[in-house]
Amino acid sequence: MSHSTTHQPSSSAPVHSTMMPAQLLITEILERARLLYREREIVSMLPVGRNEQGQPIAGRHSTTYGEVAQRALQLASALQAAGVQKGQRVATLAVNSYRHLEAYLGIPAMGGVLHTVNIRLHPQQIAWIINHAADKVLLIDNMFAAMIPVLQVACPTLEKIVVLGPLPQAIAGTEDYDAWLAQYEPLAQYPDLLETDAAGMCYTSGTTGNPKAVVYSHRSTILHSLTSAPRDALNVSQTDTVLPIVPMFHVNAWGLPYTCAMYGSRLVFSGPFNDGASLAALMQKEQVVITAGVPTIWMGLLQELDRAKAAGTPYQLPLERLVCGGAAAPESLIRAFYEHHQLKVVHAWGMTETHPLGTSSIRPADVPEGSDEYFQLSAKQGIPVPLVQLELIGEQGEVLPHDGKTMGQLLVRGPWVTQSYYGEDAADSFVTLNGQNWFVTGDIATLDERGFMHIEDRSKDLIKSGGEWISSVDMENELMAHPSILLAAVIAVSDPKWDERPLAVVRLKDDVQPPTHAELTDFLASKFAKWWLPDAYEFVDDIPIGSTGKFLKRELREKYKDYKMERKESKP
Ligand code: ADP
């Protein structure tokens, strides 16, 4: 038995916490994965060639957390050998896969900063972002190899380009990732890291302006993972299989790679295969329980599930939850999943600036599942997850009531909300309220008595008619509930009398007749004040959607900037 001495502290002295000041580090996630979940499977669908139409053919790759953790540590050693210093950026241009997960774990483990770059941008925009971040190393999927020569010329800070996956022919000045890793032993000792050290970097998708960067810390990542896992958030657990469809470049796939590795969930990555039919088949085969993506992904999945059901060959999906975020999920979509397929969509809201999870829309205990109130609340973005606070302010900075009706600028604060932008002075993105610093989201929202937040619009998309605001999001969601309408985007066009008036740009479902203006007015009339209703409808073949699943209203506003409302309706 060990000896200990006791002493009676003075009763008047302040008591100090006796708890260990353990740092909150991503290496903790890596170690858990390596030690506790080493047998747990990670499945990736990756291209293994092309069919006769030139489409990539999917191949199934299976590995384990144990192998991924070992390779992440080899990557950490390889980056050290390449001269990457603490705080330096390592970029990825990659689809969702086990190799990308190795980068998530290995780069921060050696003190580097994981910079996930959006693969869907134009190569010139990608080069701009890589240069802005001054990335030192780039890990790029073989399927984007065509971009390498452009980046080699345009990005002088890149000292090393490493290709993930085999290439038919090596590209000069690049390395093969697997061969590179094989040269290194797993990192034997972590460098000294502080929880406040930078660990990840993300640029906004630039839907309403130029992309801006935020830098996550080890601490913000750990706290975000801990808070994302519970049932009232994303519902990630060791017993489940999780398919993050949201790309790993889109706000770290909403943190799911870290959250799943922290809790040991079986992970399935769909790589580039994200159409409705591929996803439904994958979910069935891999028995996916939790999945997450943007509304356009769910629209594709719903069409496929409806088709299969109508054909008498419905999918058998053990899905417990489809997490929907990134843009507003129409109530009609949430209802259709539930009523046709007994599947539950859980709405979540967040931003690059919030790591991203801010709110989730979980059914309150007193609201029966399947009731009208349940669907109404599900279409809201939900209540804040623990440690996140929301507030609403008006145009003069005054705090607005939480009555579910008053629209205002949404403010957010919390341990994984950014307090500045990287390399940019954006003072108007922050305000002080009651002595506390808040991030100004640029979202216009309401908060109701229960604390449920509802996004009405982005401030740049709001329609200001006669001094009042019209929410384009609400109108779009109602229009998308119309049986003939697939997609609808409502934008402001300038009006000499009212300043701005709403124009609805509509994509119809295949093989349907366009509804008349009067029919659409009737359809919307019970839901909105008369002055909210669109003055005109334009039927188009497609609506531009950005790289992270949001309508590109900037483009639409540009296209229709000289629009004359008298035209009322276009010919389909
Ligand atoms: P960008 O700001 O460039 O589009 P982000 O991916 O960070 O890049 O987008 C964050 C924005 O996406 C939010 O400010 C909000 O407008 C929108 N958003 C995210 N989730 C939801 C949601 N569940 N419902 C409605 N809008 C959402």
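The sequence shown begins at 314 in our numbering and counts up by one. We put the CB at the ideal spot given by N, CA and C, even for glycine.
Bridge-paired residues (DSSP) for residue i
i	result
M766	G695, L760
F743	F752
Y734	E737
Q702	R726
V555	L580, I603
A802	V818
M514	H428, V528
T540	In the DSSP output, where bridge partners are listed per residue, T540 has none listed.
D812	S778, D808
W567	The partner list for W567 (beta bridge, DSSP) is empty, contrary to what the question assumes.
D489	V476
S357	H374, F582
D454	L477
T672	W662, P697
Beta-carbon proximity list for residue i, same chain, < 7 Å, skipping 5 on both sides
i	result
S375	E354, V356
L760	L703, L705, H715, M766
Y503	T340, A422
L614	G589, L592, A593
N750	R726, Q732, F743
S530	E508, T509, D510, A511, A512
K866	D774, A802, I804
A649	L615
A842	none
Y687	R676, V680, P681
S707	Ser is not the amino acid found at residue 707; the sequence shown has Gly there. Closer than 7 Å at the Cβ level, and outside the excluded window around G707, lie L713, G721.
L632	M596, V601, V602, T604, L656
V786	A641, I768, E769, D770
Y876	V806, L816
T609	I858, G862
Where residue i falls, given that 16 or more other Cβ within 10 Å makes a residue buried
i	result
S317	exposed
R363	exposed
A394	exposed
L833	buried
R433	exposed
L587	It is worth fixing the name first, because residue 587 is Asn in this sequence and not Leu. It is buried - the Cβ of N587 has at least 16 other Cβ atoms within 10 Å.
Q321	exposed
L480	exposed
K402	Per the sequence shown, residue 402 should be read as Arg rather than Lys. Answer is buried; the Cβ neighbour count reaches 16.
K863	buried
E398	The residue you asked about is not Glu; residue 398 is Gln in the sequence shown. So Q398 ends up on the exposed side.
E415	buried
A831	exposed
W729	buried
I370	exposed
V671	Per the sequence shown, the amino acid found at residue 671 is Gly instead of Val. The residue in question, G671, is buried, as its Cβ has 16 or more Cβ neighbours within 10 Å.
I647	buried
L746	exposed
T829	exposed
H329	exposed
D855	exposed
E871	exposed
L635	buried
D505	exposed
M333	exposed
Close-in-space but distant-in-sequence residues of the same chain around residue i (CB under 8 Å, 5 per side omitted)
i	result
D489	V475, V476, P479, L480, A483
L821	S797, I798, L799, P827, F852, P885
T405	H413, A416, L427, H428, T429, V430, L451, L452, I453, M561, F562
M456	P360, P369, V408, G478, P585
Y873	I804, V806, L816, V818, E851
Residues near residue i in its chain [Cβ-Cβ closer than 6 Å; skip 5 each side]
i	result
F836	H795
L386	P499, L500
P436	M460, V463
T319	none
A346	Y378, A382, A574
Using 8 Å as the threshold, is the stretch 603-623 in touch with the stretch 552-565, meaning 3 or more CB pairs across them? At 8 Å Cβ cutoff, the stretches touch.
At least three beta-carbon pairs within less than 8 Å, the stretch 433-440 to the stretch 471-491: no
Are the stretch 510-521 and the stretch 414-429 touching, with three or more C-beta to C-beta distances below 8 Å? With a cut-off of 8 Å, the stretch 414-429 and the stretch 510-521 count as touching, because enough Cβ pairs lie within range.
Are the stretch 342-350 and the stretch 561-579 touching by the rule of at least three beta carbon pairs closer than 8 Å? yes
Contact between the stretch 767-787 and the stretch 708-724 (3+ Cβ pairs under 8 Å): yes
Three CB pairs or more closer than 8 Å across the stretch 532-545 and the stretch 377-394: no
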